[in-house]
Structure formats: C-alpha cells, structure tokens
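> Numbering (full-length UniProt numbering), first residue to last: 1 to 627. Glycine included, every Cβ here is placed at the ideal spot set by N, Cα and C. On a predicted model such as this, the values are computed, not experimentally measured, just so you know.
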C-alpha cells in the first residue's frame, strides 16, 4: 500500500551503510548493504534502515575481514591475503555472495527517535566508523557500518529531534534525550555547572560564546552545548568541529585545538645542503667523533654519501657510541658478534618437533618467511630465488625474535631491516642497527596500537594549527582521524618513496633534528601539498584513501624535507602557539598542567631559536643551525 505523501517527509538518507547481523556467531559474510534514513511520518521522526535491492549487489573492499575458520569477535584488521593491513588501502569493489533478499529484508527496522536510548559510536583501527543503537527497551540493534562515511551528517540530522549526552563513564557512549523545554534545566542540574546565576551565564554565553568560554565556562560538555544551540541552526553550514555533535571517538582530552586568534607568520624558505662526504675529518687521533652535533646537523641538512653510510649509520643508530675510540669499537663489535650468534643458535637449534609445540615461534617464522619473499624484491640485493640477501633478511628477523620475544615479529619490520641490510652488507651489524631503529619505533608495532593512535592525534594537532580549513574538510568527509596516514607513520614512509630516497629520509630522521617528531611534520607537508586536489575535487572518504595510496613514488623528497623544516620554523616563531603544538614539537614540558597550558596560550611565547638558528643561515651554510 502506498504511503500518504502528506504524512511522509524524508529528512536524511545515506547509502553504503552496512548492517552486520550475527558476526559473533558465524564466520560467514553477514554484511548487508543498505540505506539509513531519518523520516517523519505524521510528524513523528524515526530512524530507519532498509537493505539495497538484491540485483547485482556487491560490497566494496573493506578494511576488516574474518579469517577462514575463525570464530569469536569480529576481526578488525584488513587481510587481503598477502599484504598487511597498513600496506594497501583498497577501495576496489569485490564480488561477494550476497545475503538472500528474503533474509536481508528481515533486518530492516524503523525506530522512533523518541524511543532511542543510547548510541555508541566507534571506529576500527584504520578509520571506518560504525554505530550501535539501543532502544529504550534496552534492545541493541545490529551494528551499522558506514563504508562511505556519513556518521556526522546522520548525527547532525538527528540533532533536530534529540540531544545526545556523552556518558560520564564511557566517552564513546551517548545517551539520547528529547529536545524539549526541560532538556536545558536537566542538563544544568546533572552537570552542576552553576552554584547561582546560571541563567545569566547562559544568556551571556549565547551572546558571546568565545569570551564567556575563556571567562571560566570550560566545564561545558557536548550535552550542554547541544542543548543551548537553537534547533533550527543545526542544519546550517558549519565546520566539522560542531560542538553539538559527539566528538570523534579517538579524540582525547586536551588535543582539540582552539585556534581562534592564532596567526602563523610567513613560512620561511629553506634550502638543502650537500651530503656528508668527509668522515675522517671528524675523528680525533684515537678515532672519537670530535663534534657529533655538527655531524648530525650536516646529515640532517643533506644526508650522507653512499660510501660513508655503512660507517655513519652505526653511530646514528646507536651501535657505536659517538665518543668511542677505534679500539673500543673493535671490542664492541667482537662482543656484539658473539651475542648475536648465541641468539641465532637458539632458534636454529629448535627442532621441528619442538616448534610444533611452540605456536608463538611457529607463527613468527611463518610471518617472516612470507614477508621476506615480498620485501624489496625489485632491489638486486633481494631479487631472484635463493638470493643470499633473502637468507640474511630471514635470519636477522628470526634472531630479533629471540632478542625481543615479547614483541617478536610484526609485519612491517622487514621493511625497516631491508635498507639497513642493503647498506651494511653485514648480518651482525644490520641486526644491531635494526635494534637501534626499533628502539625509536618499537611502540608502533605493539598490539594495542596506542602509540599509533597517539601519533595520529599529534598529527591532527599539527594539521589543525597549520591548516584548519583542510582539517575541517577531512572531518566533513569522515576522514578527520587521518587513518590514511597510518602506513606513513608505522614504517616511516618506506612505501611512499623510492629505495634510494628512503636511505636519505631515514638518516635525516635518525638525527632527531630539529625535533623528535619531525616525521609528523613530513606528514603535514605531504597533506598540505595535496590540499588543492583533496578539497578542489570534493573527495569523499573512499576517494581520499585511494588518492593518498596512489601518491606512492610520486613525492619529491627534497622538496618535502625543505617544506617540513620550513613548517617547523614557522611554528616555533609563532608567538601564540598553542601548548598542545609546543608539546608535540618538544618546545615545552608535556607534563604541564592544564592551568599552566591555558595561561601559556594567552601570555607566553614558546622558546624561539636565535637569529642564526631560525633566521638567515650562517655564512657557508644552507639553512638554520640546530642546537
């Protein structure tokens, strides 16, 4: 029976919303593509989901999958069969066996928004959003996965009818309240914001929210700000950081920048220098490096010439101390060689029968053998079958499992070792250089991925300060988590540049100049270099992923290094640099209290380099000198 047009009004509609039915009880594909809608029927608003028509239904390649024969929780890592989840970001459609229409239709639902009790919004590790709705009868609906973005737009449309209040015990859970005249007083009572004079403060906030907020109104939560916003304003154009909507699930307190009034000065021009090409000049008669900081500066400015890399990298990666003599280094090499082969013997002596009872070691070996066979095979050092370079790559990685058994082997570590092995051409030296590199990045490979989440948050802080328009645009396309930068940060851009460029980039980063998070500034430089393409072409979530993935081997390293250093100089010379940015750049103590941070933002400038450091380059130099 046709619906009465006068009683029906479509408020919001989004395609590409997949309903996951019973993934915890079966390993079959239970993703059903469909539409999410908000409709009004006879003045009553409802949230509805319905499946797509059965004809020709296909599903886009997703960033998570369930492995064959695996039961239990949903798998949240993309496994295309060969590459790890961070290596290939694909949006190419793959044919799937569709859920029969008679089965798909039974999952359609219509939930009056007045009956919505709660909404949980979450995100898989690589950025795709999903929400779980619960009705007032405490009945959870199947998870809705937004493969093409749109959660923010949905919440914005829902905001016309309800208020979402963040749970005090779970930052990802939002309780739903009707938008009525009692909502605002209830919010005041619940939050205990005011001892007296609350209504006056509310009126002042509505008149001048900026001044009132900085006048002591910092306790306002998402719920309060949603309640005082006039309902009709919810559909007006706005930035993606609308305080009336739940925050991104990965947001952490203290990381959302307030950039009002902050003006960055002009970005200075920076030029690169010549690579370090003389080593003996920096050694005293006993073989000590006379001026390590000068060496690091020259490496940062121009890299190292290929003949010297084998020696200089051992210092940059901590295999040899900078103040060691030639004789001391010979002793170190002898001791480290013995230690390496003792660890190698441990795994070499494990019999097949023993390994059958050691699932962890067996798993490490399987991953290593698979990754070794696909790592830098275009390079002559690793090309062909039965190549000695492949054997060395395998043996060093297996020995690292003995050295750090808790971490073991994680996909991506072969990408870190290959250039080191290529340069050193030595099994023992490459191993200890790898351990030095892993000391810098081992947290990237920990199972919790907390370090990766932290770096993505820090990257967002920097991008928000540098280019709020680009940051807001990415938010509007459900890409504000910057998940597409995951691979960049995990293995330090190994897949983005040519093999030779990576040798230069890594030795620059190993100097830790001008700051330890210089790799985040490189990511900012790349993103800003693509802003015209991203914003101008109106990319959505999927096409942003595709565009970023296709930048591989198309980036000009020297230009990016110049721009990244220029970004650093631009930021450190800003007199109103937010404390969060200062902390990311290492310009202030990250343990500073929020009270001191607030005061610093308004009254103190961050430490600024001297004129010779941040301004004109000294005579004979190609750029600023860093302490």
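Could you compute how far the alpha carbon of residue 646 sits from the alpha carbon of residue 18?
Lying before the first or after the last residue shown, residue 646 is absent from the chain, which here runs from 1 to 627.
> Report yes if the C-beta distance between residue 584 and residue 503 is below 8 Å; otherwise report no.
Along the chain shown, read from residue 1 onward, the residue named residue 584 stands at position 584. Along the chain shown, read from residue 1 onward, the residue named residue 503 stands at position 503. No.
> Using 8 Å as the limit for Cβ to Cβ distance, is residue 287 near chain B?
Checking the listed chains, one finds no chain B in this structure; it contains a single protein chain.
> Just grab the DSSP bridge partners of residue 134 for me.
Numbered from its first residue, the chain shown carries residue 134 at position 134. Partner(s): 118, 140.
> Sorted by chain position, which residues of the same chain lie with C-beta nearer than 6 Å to residue 402's C-beta, five sequence neighbours on each side aside?
Residue 402 sits at position 402 when you count from the first residue of the chain shown. Once the five neighbours on either side are set aside, the close Cβ partners of residue 402 are 343, 346, 347.
> With DSSP collapsed to three states, give me the class of residue 409.
Indexing the chain shown from 1 puts residue 409 at position 409. In this structure, residue 409 counts as coil in the three-state DSSP scheme.
> With residue 461 as the anchor, note down where its beta strand (DSSP E) starts and where it stops.
Sequence index remark: in the chain shown, residue 461 carries index 461 (1-based). No beta strand (DSSP E) contains residue 461, which is instead part of the alpha helix (DSSP H) from 450-466.
> What's the C-alpha gap between residue 73 and residue 279?
Numbered from 1 along the chain shown, position 73 holds the residue referred to as residue 73. Numbered from 1 along the chain shown, position 279 holds the residue referred to as residue 279. Because the pLDDT at residue 73 is just 34, under 50, the model does not fix this residue reliably, and the value given afterwards should be weighed accordingly. Cα to Cα, the separation comes out at about 55 Å.
> Check whether the Cβ atoms of residue 522 and residue 493 sit closer than 8 Å, and answer yes or no.
What you label residue 522 is simply residue 522 of the chain shown in a count that begins at 1. What you label residue 493 is simply residue 493 of the chain shown in a count that begins at 1. Result yes, Cβ atoms of residue 522 and residue 493 sit closer than 8 Å.
> Threshold first: 3 residues or longer. Then list the beta strand (DSSP E) segments lying entirely within the segment 266-351, N to C.
Qualifying beta strand (DSSP E) stretches: none in this window.
> Which first and last residues belong to the alpha helix (DSSP H) in which residue 429 is found?
The sequence position of residue 429 within the chain shown is 429, counting from 1. Unbroken alpha helix (DSSP H) run through residue 429: 427-441.
> On the three-state DSSP scale, how would you describe residue 617?
Residue numbering aside, residue 617 sits at position 617 when the chain shown is read from its first letter. The predicted model places residue 617 with a pLDDT of 39, which falls under 50 and marks its position as unreliable; any figure quoted below should be read in that light. Correct three-state label for residue 617: coil.
> Determine the burial state of residue 564: buried for a count of at least 16 other Cβ atoms within 10 Å of its Cβ, exposed for fewer.
Here residue 564 corresponds to residue number 564 of the chain shown, with the count starting at 1. It counts as buried.
> What does a CB cutoff of less than 6 Å around residue 146 pick up in its chain, not counting 5 residues either side in sequence?
Counting from 1 along the chain shown, the entry for residue 146 is found at position 146. 17, 129.
> Going along the chain, which residues of its own chain have a beta-carbon closer than 8 Å to the beta-carbon of residue 433, five neighbours each way excluded?
What you label residue 433 is simply residue 433 of the chain shown in a count that begins at 1. 313, 314, 317, 319, 420, 424.
> Would you report the Cα separation of residue 500 and residue 306, rounded to the nearest angstrom?
Numbered from its first residue, the chain shown carries residue 500 at position 500. Numbered from its first residue, the chain shown carries residue 306 at position 306. Going from the Cα of residue 500 to the Cα of residue 306 covers about 10 Å.
> Considering just the uninterrupted stretch of the alpha helix (DSSP H) at residue 403, what are its terminal residues?
Counted from its first residue, the chain shown places residue 403 at position 403. Looking at the DSSP string, the run of the alpha helix (DSSP H) that includes residue 403 is 388-403.
> Beta carbon of residue 112, beta carbon of residue 46: below 8 Å?
Here the question's residue 112 lines up with position 112 in the chain shown. Here the question's residue 46 lines up with position 46 in the chain shown. Yes; because the gap between Cβ atoms is below 8 Å, this pair is in contact.
> Let me know the secondary structure DSSP gives residue 31 once reduced to three states.
Here residue 31 corresponds to residue number 31 of the chain shown, with the count starting at 1. Strand, per DSSP.
> Would DSSP call residue 519 helix, strand or coil?
By 1-based counting over the chain shown, the position of residue 519 is 519. DSSP places residue 519 in helix when its eight states are reduced to three.
> Just to confirm, is the Cβ distance from residue 282 to residue 290 under 8 Å?
Within the chain shown, numbered from 1, the residue matching residue 282 stands at position 282. Within the chain shown, numbered from 1, the residue matching residue 290 stands at position 290. The answer is yes: Cβ separation under 8 Å.
> Is it buried or exposed for residue 356, if we count other Cβ within 10 angstroms and need 16 for buried?
The residue you call residue 356 lines up with position 356 of the chain shown. Result: exposed.
> Grab me the residues of residue 540's own chain with a C-beta within less than 7 Å of its C-beta, minus the 5 sequence neighbours each way, in chain order.
As a working mapping, residue 540 is identified with position 540 in the chain shown. 148, 149, 477.
> Only counting the same chain, and skipping five residues up and downstream in sequence, which positions put a Cβ closer than 7 Å to that of residue 533?
For the purposes of this step, residue 533 is taken as the residue at position 533 of the chain shown. So the list reads 547, once near-sequence residues are dropped.
> Hey, could you find the ends of the alpha helix (DSSP H) residue 360 is sitting in?
Reading the chain shown from its first residue, position 360 is the one you call residue 360. Start and end: 359-372.
> Using the Cβ count rule (16 or more neighbours within 10 Å means buried), how would you classify residue 151?
Within the chain shown, numbered from 1, the residue matching residue 151 stands at position 151. Counting Cβ neighbours within 10 Å, residue 151 comes out buried, since at least 16 surround it.
> Could you check if residue 304 is buried or exposed, using at least 16 other CB atoms within 10 Å of its CB as the buried criterion?
What you label residue 304 is simply residue 304 of the chain shown in a count that begins at 1. Residue 304 should be labelled buried.
> In the DSSP assignment, the beta strand (DSSP E) including residue 177 goes from what residue to what residue?
The residue given as residue 177 occupies position 177 in the chain shown. Element bounds for residue 177: 173-178.
> Do residue 586 and residue 515 have their C-beta atoms within less than 8 Å of each other?
Here residue 586 is taken as the residue at index 586 of the chain shown, counted from 1. Here residue 515 is taken as the residue at index 515 of the chain shown, counted from 1. Taking 8 Å as the Cβ cut-off, residue 586 and residue 515 qualify as a contacting pair.
> What span of residues does the beta strand (DSSP E) with residue 46 cover, start to end?
Against the chain shown, residue 46 aligns to sequence position 46. Element bounds for residue 46: 44-51.
> Is it right to say residue 43 is buried, meaning 16 or more other beta carbons lie within 10 angstroms of its own, or is it exposed?
Position 43 of the chain shown, counting from 1, holds the residue named residue 43. By the neighbour-count rule (16 or more Cβ atoms within 10 Å), residue 43 is not buried but exposed.
> Mark residue 630 as exposed unless 16 or more other C-beta atoms lie within 10 angstroms of its C-beta, in which case mark it buried.
For residue 630 there is no data in the structure shown, the boundaries of the chain being 1 and 627.
> Do residue 524 and residue 440 come within 8 Å of each other at the CB atom, strictly closer than that value?
By one-based count along the chain shown, residue 440 stands at place 440. By one-based count along the chain shown, residue 524 stands at place 524. Against a cut-off of 8 Å, the Cβ pair of residue 524 and residue 440 comes out as no contact.
> Going by CA-CA distance only, name the one from 536, 495, 154 that's closest to residue 555.
The residue given as residue 555 occupies position 555 in the chain shown. Looking at the Cα atoms, 495 is the closest of the given residues.
> In three-state DSSP terms, what is residue 7?
Stepping through the chain shown from its first residue, residue 7 is reached at position 7. In this structure, residue 7 counts as helix in the three-state DSSP scheme.
> State buried or exposed for residue 174, treating a residue as buried only when at least 16 other CB atoms are found within 10 Å of its CB.
On the chain shown, position 174 is the one that residue 174 refers to. With 16 or more other Cβ atoms within 10 Å, it is buried.
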